[in-house]
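Read the structure below first, then the notes.
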């Protein structure tokens, strides 16, 4: 008999602290914190909206939504999230449903790692 091993992929999330640091430097700590918190909330809502579109198979403007997600992630220095969002957009534009499914699963994992606070995890505040 053979055994089945379940593999749970773990994503290493890359971030660039400079965009957030610049926001804090330019606006000051209290206003900077509000801006970063709001931007992260908008990013999370955008990701949730994209997830709902994918679940409902509404792909009409999904490429544009993924492009917006990429820009938002870049603005906050969320390098991995931006890169994978762009990869998903490219797969979608190429009409490669197999690749899109794989990259979509990765995008979900990266978004969860990026947007879900973990004890002892990366602190997005500067």
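In our numbering, the protein residues as written are 554 to 679.
Each residue gets a CB set at the ideal place from its N, CA and C atoms; glycine is no exception.
Identity of the residue in 644, 664 and 667 nearest residue 689 by Cα: No answer is possible for residue 689: the residues shown for the chain start at 554 and end at 679.
Supposed close pair residue 615, residue 603 - CB separation, criterion 8 Å: Right, the Cβ-Cβ distance comes to about 7 Å (below 8 Å), so this counts as a contact.
Whether residue 630 touches residue 573 by CB criterion (8 Å): Yes, Cβ-Cβ distance for residue 630 and residue 573 is below 8 Å.
Buried/exposed call for residue 634, threshold 16 Cβ in 10 Å: So residue 634 ends up on the buried side.
Buried versus exposed, by CB contacts within 10 Å (16 or more), residue 624: Classified as exposed, residue 624 has fewer than 16 neighbouring CB atoms from the shown chains inside 10 Å of its CB.
Cβ contact (3+ pairs, closer than 8 Å) linking the region 636-651 and the region 581-592: Output reads no: the region 581-592 does not touch the region 636-651.
Distance between residue 621 and residue 575 (C-alpha atoms, nearest Å): Roughly 21 Å between the two C-alpha positions.
Backbone CA spacing between residue 649 and residue 562 [nearest angstrom]: Cα to Cα, residue 649 sits roughly 22 Å from residue 562.
Euclidean distance between Cα positions of residue 664 and residue 596: The straight-line gap from Cα to Cα measures roughly 10 Å.
Environment of residue 598 [buried if 16+ CB atoms lie within 10 Å]: Answer is exposed; the Cβ neighbour count stays below 16.
Residues of its chain near residue 668, where Cβ-Cβ distance is below 6 Å and the 5 sequence neighbours each way are ignored: Around residue 668: 597.
Given residue 659 as reference, the closest of 646, 642 and 670 once Cα atoms are compared: Minimum Cα distance to residue 659 is reached at 642.
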